[in-house]
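Sequence order for the protein chains is A and B.
Just add 1033 to wherever you are in the first sequence, counting from 1, and you've got this note's numbering.
Just add 1033 to wherever you are in the second sequence, counting from 1, and you've got this note's numbering.
Below is one structure, written out as structure tokens; the observations come after it.
2 protein chains.
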Amino acid sequence: MEICLTSPLDMHLHLRDTTMLRLAAPLSSDFAGAVVMPNLVPPLTNAADMLAYAQRIREATPAGVNFDPLMTLFFTAMNEQELAAAQEAPGFFGLKLYPAGITTNSEGGVSNLADAHRTLSIMEERAIPLLVHGESHGFVMDREEEFLGIYRQLATKYPKLRISMEHITTAAALQLLDEFENLCATVTLQHLIITLDDIAGGMLQPHLFCKPIAKRPADRDALLQAALNAHPRLMFGSDSAPHPRCKKESCGCAAGCFTSPLSLPKLAELFATHGKLDNLQAFVCDNACNIHGLTPSSKRVILHDQPMQVPSSYRSYGETVVPMFAGEQLPWSVKSIRES
Amino acid sequence: MEICLTSPLDMHLHLRDTTMLRLAAPLSSDFAGAVVMPNLVPPLTNAADMLAYAQRIREATPAGVNFDPLMTLFFTAMNEQELAAAQEAPGFFGLKLYPAGITTNSEGGVSNLADAHRTLSIMEERAIPLLVHGESHGFVMDREEEFLGIYRQLATKYPKLRISMEHITTAAALQLLDEFENLCATVTLQHLIITLDDIAGGMLQPHLFCKPIAKRPADRDALLQAALNAHPRLMFGSDSAPHPRCKKESCGCAAGCFTSPLSLPKLAELFATHGKLDNLQAFVCDNACNIHGLTPSSKRVILHDQPMQVPSSYRSYGETVVPMFAGEQLPWSVKSIRES
């Protein structure tokens, strides 16, 4: 069995910088492009820094490989001029809003949405997407659901603003998606597969620890069904996050799963297992193109049901990163990629 | 400020064996005695092995220190003769029932309570306490509540059997305690203090990972209130579990917090902070004596509000164990201990 995907997109990706970027970029470029998160240290908040980062991403991408970095800026109270400059920058995609301090390098995030009104209005006028890490500061299992009221407020107050609920993890978020036409959402690989049980139900598994944390079986099942059925406003966004092994396997393990190099094989397996391979193209590309009007670079990725051995770690440029499914054999793999 | 505790007891303790026992026993003997768990490899299932283990515990206890190991056997389908032999063994306390495979070294546990009927009936006749690790095999946050129906069945079917719900973690378990006079319960230090947020709400904290996992703030608050108010059927049981550092700070971290050497100072702090120091004696000794008819060895532990520096780890006999609150300064400490 095999499937040919046209220009798959990862709508939520962390590439980091310097040596980690050089490790992660080649491992992420099975995709034709990715929405690249701006939470560097310091975060990207202006067009010039963003363009410089896009250039570093291109330099880290292997020669001859089509990979479009869709660039984002860390949401701050930008004015018309700043937003115009961002929008004119090649490769600019949107603004990523973090509630202050909720995840890796988000200490400078937004703590009061009212302060953001002017910027959100301009984004609405200019059709700039707003990507949101939607978690409250409450109890870890409730954070996403507690944030849904903010999404509801945003979607109501800015009816033309395209609001992407990033890396959703709950059935409740999916329900909200159906309430507002201006909401869309991304979902990661791991949230289609794991629950809190996989992280903390047996031995503690730091490499599956991510934010938002994986929730209940009913949440995972609802997300998987929506993905398998190609919900038209649900897009694949890996949230793949390369952390150094030493920061995952220690006290105070950092949040994030590294999935880029195996996302497409694992998605093919999931969709094939459920007899839904025909819907994979929509999930990994067409929905995003329809929602955001994207025209990704041409790439054809053929996946087949031949095993892929996931390495126990990826090492280069002095960095060591442990992927999800480290050391396991996955039943599907990439057969060939044609860049054209 | 200071408080003198008479013969404090730890009603749920893991001492392990060999080098780890030699590390843990001296660090656990601020208490006058402890109910020692039987989940060695292989588990303790007969009086002879139990007596030999009790002897090893005594050998690992510093000379001149009063510390009564209250010995338990791993619940199996024991007959009248076997239970009689156990009961005649000096220091025997009760049987510990583990649902199969739910926690460290519990692979040989009980998978069907009906099979246990004969043994439970004899225990009821002989007034042998039944200690239960009460978790289902369900979703990690639901396991204790899902098990409450089993407690209800046991308490109803064996009205004279003394059933101890070990290391309870939920407000629902506390409610059940009030429904049946033949139920009692232990609660750990960590479950009076932390929630899942402390384990996985920020960075992942393996040294706070234990089973049952810490639950919601409302659960923690209910447990703390019950302890502070000296609920007469709630006893302190640390569930302190010394795991080698390498098994906590790695993929597949083992479950358990090591709290023995700091339990009494931290409890004194908690009770003092809430103006409930007068209730600490009941929580750490009197309730257990009343419930189980214990007469512990004489020991007087004076605690005072002078700081205790918790070491970053305890090292001896080639073992390294990281305690809860490693490296922190606690506001209360042990001032003196009189064995007499």
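By construction, the Cβ of each residue, glycine as well, lies at the ideal position given by its N, Cα and C atoms.
Name the chain B residues that come within less than 7 angstroms of residue i, Cβ to Cβ?
i, result
"A:P1100", "Residue 1100 of chain A is actually Phe in this sequence, not Pro. The premise fails here: A:F1100 is roughly 30 angstroms from chain B at the closest Cβ pair, so nothing lies under 7 angstroms."
"A:I1246", "A1233"
Look up residue i in the DSSP assignment and give the residues it is bridged to.
i, result
"A:C1279", "A:C1279 pairs with nothing; no bridge assigned."
"A:V1068", "A:L1103"
"B:I1335", "B:C1037, B:S1369"
"A:G1127", "A:T1105"
"A:Q1362", "A:Q1342"
"A:A1149", "Its beta-bridge partners do not exist; DSSP assigns none."
"B:D1043", "B:A1067"
"A:A1058", "A:A1058 pairs with nothing; no bridge assigned."
"B:R1348", "B:T1353"
"B:V1220", "B:F1269"
"B:L1237", "A:C1286"
What do you get for residue i, buried or exposed, if any count of 16 or more other CB atoms within 10 angstroms of its CB means buried?
i, result
"A:Y1350", "exposed"
"B:I1335", "exposed"
"B:D1319", "buried"
"B:E1214", "exposed"
"A:R1266", "buried"
"A:C1037", "exposed"
"B:E1178", "buried"
"A:M1034", "exposed"
"B:H1150", "exposed"
"A:A1204", "buried"
"A:D1311", "exposed"
"A:R1253", "buried"
"B:R1371", "exposed"
"A:A1233", "buried"
"B:A1081", "exposed"
"A:G1289", "buried"
"B:P1245", "buried"
"B:R1374", "Residue numbering for chain B in the displayed model covers 1034 to 1373; residue 1374 of chain B lies beyond these limits and cannot be assessed."
"B:V1074", "exposed"
"B:G1167", "buried"
"B:P1132", "buried"
"B:H1276", "buried"
"B:D1148", "exposed"
"A:R1176", "buried"
What whole-angstrom Cβ distance do residue i and residue j have, given they're in contact under 8 angstroms?
i, j, result
"A:P1294", "A:S1366", "A:P1294 to A:S1366, Cβ: 11 angstroms. No contact."
"A:F1172", "B:L1237", "Actually they are not in contact, since the Cβ atoms of A:F1172 and B:L1237 sit about 16 angstroms apart, beyond 8 angstroms."
"A:A1247", "A:D1231", "7 angstroms"
"B:L1216", "B:Y1191", "About 11 angstroms separates the two Cβ atoms, so there is no contact after all."
"A:P1071", "A:L1106", "5 angstroms"
"B:E1224", "B:L1256", "Rather than Glu, the amino acid found at residue 1224 of chain B in this sequence is His. Their Cβ separation, rounded to whole angstroms, is 6 angstroms, which keeps B:H1224 and B:L1256 in contact under 8 angstroms."
"B:A1065", "B:N1099", "6 angstroms"
"B:A1067", "B:L1054", "Incorrect: roughly 13 angstroms between the Cβ atoms, too far for contact."
"A:V1220", "A:F1269", "7 angstroms"
"A:L1162", "A:G1127", "The displayed chain sequence assigns Pro, not Leu, to residue 1162 of chain A. That belief holds up - the Cβ atoms of A:P1162 and A:G1127 are roughly 4 angstroms apart, short of 8 angstroms."
"B:A1218", "B:L1210", "5 angstroms"
Which chain A residues sit within Cβ distance under 7 angstroms of residue i?
i, result
"B:Q1033", "This structure cannot settle anything about residue 1033 of chain B, because the visible part of chain B is limited to 1034 through 1373."
I want to verify the contact list: residues of chain B whose CB lies under 9 angstroms from the CB of residue i, in sequence order.
i, result
"A:M1044", "Per Cβ cutoff of 9 angstroms: no residues; A:M1044 is ~25 angstroms from chain B at best."
"A:T1383", "Look at the range of chain A in this structure, 1034 to 1373, and you will see that residue 1383 of chain A is not part of it."
How would you list, in chain order, the residues of chain A whose beta-carbon sits under 9 angstroms from the beta-carbon of residue i?
i, result
"B:P1294", "Correct list: empty, because the minimum Cβ distance to chain A is about 19 angstroms."
"B:L1076", "First, the amino acid is wrong: residue 1076 of chain B is Pro here, not Leu. By Cβ distance, chain A contributes nothing, its closest Cβ being about 19 angstroms from B:P1076, past 9 angstroms."
Against residue i, what residues of chain E qualify as contacts under a CB-to-CB distance less than 8 angstroms, listed in chain order?
i, result
"A:G1167", "No chain E is part of this structure, whose protein chains are labelled A and B."
List, in order along the chain, the chain B residues whose C-beta lies closer than 8 angstroms to that of residue i?
i, result
"A:P1250", "F1172"
"A:T1228", "F1172"
"A:F1242", "A1233, L1237"
Does the distance between the C-beta of residue i and the nearest non-hydrogen atom of the ligand GDP fall short of 7 angstroms?
i, result
"B:Q1339", "With respect to the ligand GDP, the structure shown offers nothing to examine, as it has no ligands at all."
>> Report the start-end ranges of each alpha helix (DSSP H) in the stretch 1241 to 1305 of chain B that is 4 residues or longer and not cut off at the edges.
In response: 1250 to 1261, 1278 to 1281
> Along the chain, which unbroken stretches of the beta strand (DSSP E) at least 3 residues long are found entirely within the stretch 1161 to 1208 of chain A?
Replying inline: 1163 to 1165, 1196 to 1198
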